[in-house]
Amino acid sequence: MVRSTGTEPSPGSPPLPGRQKARAASTAVRARVTMIRRDDFICRGPPPIGFNAHRRVPARGGRGRRLLQQTPAAVRSVTPAFRRAAIFGNGYWDDAYAERLRGLLEGGDLLRVAADGGIRLWQRLGYVPHVLLGDFDSLSPEEVGGWEAAGVEVLRYPVAKDKSDLELALDYAAARGAASILLAAVTGSRLDHSLANLFLAARFAAPDVEVTVLTPGGAVYPVVGGAQGPGARRLPARPGDVVALLPVAGPVKGVTTHNLRYALRDADLAWGSTLPISNEPLAGIIGVEVREGRLLVIVEQGDREVAPCASQS
Numbered sequence: 040m041v042r043s044t045g046t047e048p049s050p051g052s053p054p055l056p057g058r059q060k061a062r063a064a065s066t067a068v069r070a071r072v073t074m075i076r077r078d079d080f081i082c083r084g085p086p087p088i089g090f091n092a093h094r095r096v097p098a099r100g101g102r103g104r105r106l107l108q109q110t111p112a113a114v115r116s117v118t119p120a121f122r123r124a125a126i127f128g129n130g131y132w133d134d135a136y137a138e139r140l141r142g143l144l145e146g147g148d149l150l151r152v153a154a155d156g157g158i159r160l161w162q163r164l165g166y167v168p169h170v171l172l173g174d175f176d177s178l179s180p181e182e183v184g185g186w187e188a189a190g191v192e193v194l195r196y197p198v199a200k201d202k203s204d205l206e207l208a209l210d211y212a213a214a215r216g217a218a219s220i221l222l223a224a225v226t227g228s229r230l231d232h233s234l235a236n237l238f239l240a241a242r243f244a245a246p247d248v249e250v251t252v253l254t255p256g257g258a259v260y261p262v263v264g265g266a267q268g269p270g271a272r273r274l275p276a277r278p279g280d281v282v283a284l285l286p287v288a289g290p291v292k293g294v295t296t297h298n299l300r301y302a303l304r305d306a307d308l309a310w311g312s313t314l315p316i317s318n319e320p321l322a323g324i325i326g327v328e329v330r331e332g333r334l335l336v337i338v339e340q341g342d343r344e345v346a347p348c349a350s351q352s
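Structure follows, in structure tokens:
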């Protein structure tokens, strides 16, 4: 919705000189931008953000909640403020899973995003996210309103839409320049959602963007190579874990592994091949390189800390 700013000439008024007319037009545009209502952003995708990342509050029942300092959505800076992002979905998690997440969330450069019911996992860990988005079919209006009143940026989308809440959250993080994205609580009893979310992780990954999916039994790490260059990741693992390399979106070329029992050297893997499943780590760090294509590296392991991503080499 755009309101009249009073800067436009009224009908029948004499024409303005060239420079004066240009200044008036510029003033009118700036005024219109500042008068755009927040409701106008609901179905157009999330607006730019300018949040303070250094934000943590006690878990539910705690005291001392601080509100975010916000500026109007239409005039916030579009400069990326975060290099890392953590996105929580509405999938399966329990207390043990939540505790595994704790050590992965420290640092002031972390953009915290809740996709619909993923807000409850943030709450369980004692954090307030920077943004809550989705169609909110998993949250009550009272829950959404409570977080909005606490200063969380709330972005509402219709239930009938072309993207899932998680895809919208990934769009949001990618648009803000996140080069490392952790996805948590994005798998569960819905096989269609679980598969789609793993495919989303592979799609949003790039040689210069690391995406990690934390699963109840381990983690999934997309490794991507292509026109931007080969992809390579060093990943945490230990003897006794089970490692699988699954091509997605077609064949994967030039796969080389390090510290795996069944090594690959510049191998090409066909989509749907079972050759690269049930591998075993030989050391605490494994390496996977991809010249071209998208590969999901699945590490199934016992109860221990899982790093969201190791350095890309």
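For the sequence shown, my numbering begins at 40 and goes up steadily by one. For each residue, glycine too, the CB sits at the ideal point set by N, CA and C.
Would you tell me roughly how many angstroms separate the C-alpha atoms of residue i and residue j, rounded to the nearest one?
i      : j      : result
Ala188 : Phe175 : 16 Å
Ile75  : Leu149 : Confidence at Ile75 is low in this model, with a pLDDT of 27, below 50, so its placement is unreliable and the value that follows should be read with caution. Their backbone Cα atoms lie some 29 Å apart in a straight line.
Ile158 : Leu205 : 12 Å
Glu319 : Arg273 : 15 Å
Gly190 : Ser317 : 47 Å
Gly311 : Arg139 : 31 Å
Ala306 : Pro197 : 45 Å
Tyr136 : Leu230 : 19 Å
Thr313 : Asn129 : 30 Å
Trp161 : Glu181 : 17 Å
Leu303 : Ala199 : 45 Å
Val183 : Lys202 : 20 Å
Asp134 : Ala224 : 12 Å
Leu144 : Leu239 : 21 Å
Ala213 : Arg123 : 10 Å
Ser233 : Gly332 : 21 Å
Contact check, residue i vs residue j under 8 Å by CB: the rounded distance?
i      : j      : result
Val250 : Leu237 : Their Cβ separation, rounded to whole angstroms, is 10 Å, which puts Val250 and Leu237 out of contact at 8 Å.
Val248 : Ala218 : 5 Å
Gly256 : Glu339 : 5 Å
Val287 : Ala241 : 5 Å
Ala354 : Phe127 : The structure shown does not extend to residue 354, since the chain is modelled only from 40 to 352, so the question has no answer here.
Gly156 : Ser177 : 3 Å
Leu321 : Pro278 : 7 Å
Arg151 : Tyr131 : Not really, about 20 Å apart at Cβ, beyond 8 Å.
Would the beta-carbon of residue i fall within 8 Å of that of residue j?
i      : j      : result
Val281 : Leu334 : no
Leu284 : Val327 : yes
Ala125 : Leu194 : no
Tyr211 : Leu164 : no
Phe243 : Leu207 : no
Ile337 : Leu299 : no
Grab me the residues of residue i's own chain with a C-beta within less than 8 Å of its C-beta, minus the 5 sequence neighbours each way, in chain order.
i      : result
Gln267 : Ala245, Pro246, Asp247
Output needed for residue i: all residues of its chain with C-beta closer than 6 Å, excluding positions within five of it in sequence on either side, in chain order.
i      : result
Arg358 : This structure does not reach residue 358, given that the chain is present from 40 up to 352, and the question cannot be answered.
Arg62  : Reliability fails at Arg62, whose pLDDT of 48 lies under 50, so the model's placement of it is uncertain and the value that follows must be treated cautiously. None.
Glu192 : Val170
Ala309 : Pro290
Gly323 : Arg277
State yes or no: is the C-beta of residue i nearer than 7 Å to some heavy atom of the ligand GDP?
i      : result
Phe243 : Absence of the ligand GDP from the depicted structure is noted, as is the absence of any ligand whatsoever, leaving it without description.
What does a CB cutoff of less than 7 Å around residue i pick up in its chain, not counting 5 residues either side in sequence?
i      : result
Trp186 : Ile158, Leu171, Val193
* At what residue ranges does the stretch 168-229 contain a whole run of the alpha helix (DSSP H), taking only runs of 4 or more? -> With a minimum length of 4 residues, the continuous alpha helix (DSSP H) runs that stay inside the stretch 168-229 are 180-188, 204-214.
* Asked: Where are the alpha helix (DSSP H) runs, 4 residues long or more, that stay fully inside the stretch 131-174, in chain order?
  -> Qualifying alpha helix (DSSP H) stretches, in chain order: 134-141, 158-164.
* To do: Return the chain-ordered ranges of every alpha helix (DSSP H) run that is complete within the stretch 233-275 and spans a minimum of 4 residues.
  => If only complete runs of 4 or more residues are kept, the stretch 233-275 shows no alpha helix (DSSP H) anywhere.
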